[in-house]
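Step one of this worksheet: look at the structure below.
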Amino acid sequence: MEVIGGAALSAALLGALMPASAWATLNATATPATIRWLVQDLPPHFSFRDGRPPQRPDELGQGEVDGFLRVLIGRMPQFRHELVPLSLPRFEAQVRQGETLCTVLHVRTPERQQWLYFTPLHPPMMSRQIHVIVRRDDLARFEAGGQPLKLADLLRRRDLVGLLPRDRSYGPRIDQLLASQPEHAPRAVVAGRGANLLAMLRAGRMDYTLDYPVSVDEFMTQHPGGPTLATLPLAEGRSTPMAVSACSRSPEGRRAIEAIDQTVREMAADPQRDQWIRSWRGGAPLDAEDQQRLRRYLDERGRGPAQID
Numbered sequence: 000m001e002v003i004g005g006a007a008l009s010a011a012l013l014g015a016l017m018p019a020s021a022w023a024t025l026n027a028t029a030t031p032a033t034i035r036w037l038v039q040d041l042p043p044h045f046s047f048r049d050g051r052p053p054q055r056p057d058e059l060g061q062g063e064v065d066g067f068l069r070v071l072i073g074r075m076p077q078f079r080h081e082l083v084p085l086s087l088p089r090f091e092a093q094v095r096q097g098e099t100l101c102t103v104l105h106v107r108t109p110e111r112q113q114w115l116y117f118t119p120l121h122p123p124m125m126s127r128q129i130h131v132i133v134r135r136d137d138l139a140r141f142e143a144g145g146q147p148l149k150l151a152d153l154l155r156r157r158d159l160v161g162l163l164p165r166d167r168s169y170g171p172r173i174d175q176l177l178a179s180q181p182e183h184a185p186r187a188v189v190a191g192r193g194a195n196l197l198a199m200l201r202a203g204r205m206d207y208t209l210d211y212p213v214s215v216d217e218f219m220t221q222h223p224g225g226p227t228l229a230t231l232p233l234a235e236g237r238s239t240p241m242a243v244s245a246c247s248r249s250p251e252g253r254r255a256i257e258a259i260d261q262t263v264r265e266m267a268a269d270p271q272r273d274q275w276i277r278s279w280r281g282g283a284p285l286d287a288e289d290q291q292r293l294r295r296y297l298d299e300r301g302r303g304p305a306q307i308d
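This is how it looks when you write it as structure tokens:
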């Protein structure tokens, strides 16, 4: 006859007395669950230090995306956090094959909502406003009387050639506009990083592309000399209504996205939230308009219910 030890007997009795759901929760807390986060070198929003993928959360940068992820992970000690370097196509393939992964690098689209849960993080900063990128000596060809360019008008012009990176989303408004006029939309090409297209633009292989001004600033700093690139506001540019996090549409992904949503609401309601905002931004000051919009959003997010779709 097998004798049950004191600890095992206590556990057996506890299991018999507790509801199954509570017992499962107790067991789940014994070994922290793991959230596996996509990381990718996408300067300036998410940058690898010295070109090496981060191994630990404290190795994450201080850009808009990687900085927020660093703060978010620090607020979720109940999980183990693993940083997984993957290309965007590989990330999608692994999620569709049943793996549970989370991301702060994906824009929410109806197609992606079929395989990812989403929750909002914060309103986009000015650095996320899409611009038309051109050579400075070509500015006269793009003049719009001091008004922001309209992508719809740009697509109708036959004297201009644009190129975009394949499979990149610019948010619902721009994506819908590009999809509605496939015969007029800029040709999409495979590009390892946005800087590849900026180099092609400067070399005169096309007339324009779409990108963020901060990406252009970094490119020009890293590649001095040659024609200067200019950025022009795009009327449809603020097409990303919200920065989001997303996790696989799996049971584990659902638990992870619920925890992320709860953490974001706690961060929003934190009386000392200015401290984590400074940490997120690496001490860099926010534009006054960004600051006002962020605080207004956090006030509402902290009081509101869960937002998961």
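Take the sequence shown: its position 31, counted from the start at 1, is 30 in numbering that gives the first Met the number 0, and no numbers get skipped. We put the CB at the ideal spot given by N, CA and C, even for glycine.
Rounded distance between the beta-carbons of residue j and residue i, thought under 8 Å
| i | j | result |
| --- | --- | --- |
| R135 | T220 | About 16 Å; that fails the 8 Å criterion. |
| P52 | V38 | 6 Å |
| R55 | L100 | At roughly 18 Å, the Cβ-Cβ gap does not stay under 8 Å, so R55 and L100 are not in contact. |
| D57 | T108 | Wrong, their Cβ atoms sit about 32 Å apart, outside the cutoff. |
| I307 | T30 | At roughly 25 Å, the Cβ-Cβ gap does not stay under 8 Å, so I307 and T30 are not in contact. |
| R172 | E235 | 5 Å |
| D210 | H105 | Actually they do not touch by this definition, with Cβ atoms about 17 Å apart. |
Separation of residue j from residue i, as counted between CA atoms
| i | j | result |
| --- | --- | --- |
| H44 | A258 | 23 Å |
| D166 | R74 | 32 Å |
| K149 | E182 | 18 Å |
| A287 | L297 | 15 Å |
| L197 | F218 | 8 Å |
| R248 | L82 | 19 Å |
| L120 | E265 | 12 Å |
| L162 | R186 | 5 Å |
| L285 | M241 | 17 Å |
| A32 | F78 | 5 Å |
| P212 | Q128 | 8 Å |
| G281 | P122 | 18 Å |
| L87 | V103 | 12 Å |
| S317 | V189 | Nothing in the structure corresponds to residue 317, since the chain is present only between 0 and 308. |
| G301 | A268 | 4 Å |
| R155 | Q180 | 9 Å |
| R272 | A139 | 45 Å |
| A202 | V133 | 11 Å |
| S214 | G252 | 31 Å |
| R69 | F141 | 39 Å |
| I276 | Q61 | 11 Å |
| L85 | D216 | 25 Å |
| A245 | I72 | 14 Å |
| Q261 | Y116 | 14 Å |
| W279 | G66 | 5 Å |
| L153 | L176 | 11 Å |
| A178 | D158 | 21 Å |
| A151 | M199 | 23 Å |
| E98 | P76 | 22 Å |
| Q93 | V243 | 20 Å |
| Q291 | G303 | 19 Å |
| R254 | R295 | 28 Å |
| M205 | A184 | 13 Å |
| D49 | I256 | 31 Å |
| L146 | T230 | One detail in the question is off: residue 146 reads as Gln in this sequence, not Leu. About 13 Å. |
| G170 | G225 | 31 Å |
| A305 | D289 | 24 Å |
| R111 | R95 | 10 Å |
| L293 | M124 | 9 Å |
| V263 | P250 | 20 Å |
DSSP state of residue i mapped onto helix, strand, coil
| i | result |
| --- | --- |
| S168 | coil |
| V106 | coil |
| F78 | coil |
| F47 | coil |
| P88 | helix |
| I129 | coil |
| P185 | coil |
| V38 | strand |
| V160 | coil |
| P56 | helix |
| L115 | strand |
| L319 | Summary: the structure shown does not reach residue 319, with the chain confined to residues 0 through 308, and so no result is reported for it. |
| R134 | strand |
| L297 | helix |
| A305 | coil |
| L120 | strand |
Report the residue ranges of all beta strand (DSSP E) runs contained in full by the region 206 to 294; include only those spanning at least 3 residues, in chain order.
-> 208 to 210, 228 to 232 and 242 to 247
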